[in-house]
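In our numbering, the protein residues as written are 36 to 195.
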């Protein structure tokens, strides 16, 4: 899950760089459009229809190119927002998993203490200091297995 979080963070950074690049290209295209627009007006004022027509075609091509880059930038912005939402979801899932792990550890510790208390034999007296130092290995295996299953289920849910 940590790897997913890091990958998503890198994706967001890459997309933000791409958005900045698109913005810079759009601004450069806009400056070119202004330049060609002035040349269209200048050619028309000088009664040079050959130059005016060619300049208008160039201006139109730049407008199309600018519109295309604008659309690409909007797509990048949408991907950034979706990636940020995914990043927030991953962080939330990590918090949930961490809390669940803490709960399982607390329950495990509590169960170990309870089990130790309940299994004292009649001949062991009231020796309250006797608690099992380590949990049952089989119980540990099952708890780890359950925790791994929950983690895998969370991962599957994240991919959907």
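By construction, the Cβ of each residue, glycine as well, lies at the ideal position given by its N, Cα and C atoms.
Since we're looking at a predicted model, the values are computed, not measured.
- Boundaries of the alpha helix (DSSP H) harbouring residue 37: 37-80, taken from the DSSP string.
- Excluding its 5 nearest sequence neighbours in each direction, residue 129 has C-beta neighbours in its own chain below 6 Å: 36, listed in chain order.
- Counting every other CB atom within 10 Å of its CB across the protein chains shown gives residue 71 a total of 16 or more, marking it as buried.
- Three or more beta-carbon pairs separated by less than 8 Å are not found between the stretch 131-139 and the stretch 50-59, which leaves the two stretches without contact.
- Counted as a single uninterrupted DSSP element, the alpha helix (DSSP H) harbouring residue 191 occupies residues 172-194.
- Residue 101 and residue 63 have their C-alpha atoms spaced approximately 9 Å apart.
- Here the alpha carbon of residue 40 sits roughly 12 Å from the alpha carbon of residue 190.
- The residue among 88, 119, 147 with its C-alpha nearest the C-alpha of residue 49 is 119.
- In the displayed model, residue 83 falls within coil according to three-state DSSP, outside both helix and strand.
- Counting the other Cβ atoms within 10 Å of the Cβ of residue 88 gives fewer than 16, which makes it exposed.
- The shortest CA-to-CA distance from residue 53 to any of 73, 104, 144, 66 is the one to 104.
- A check of alpha carbon separations from residue 95 across 148, 65, 80, 185 identifies 65 as the nearest.
- Separation of the CB atoms of residue 122 and residue 68 is rounded to 37 Å, and the pair is thereby denied contact status at 8 Å.
- Closest in alpha carbon position to residue 139, among 110, 99, 114, 182, is 182.
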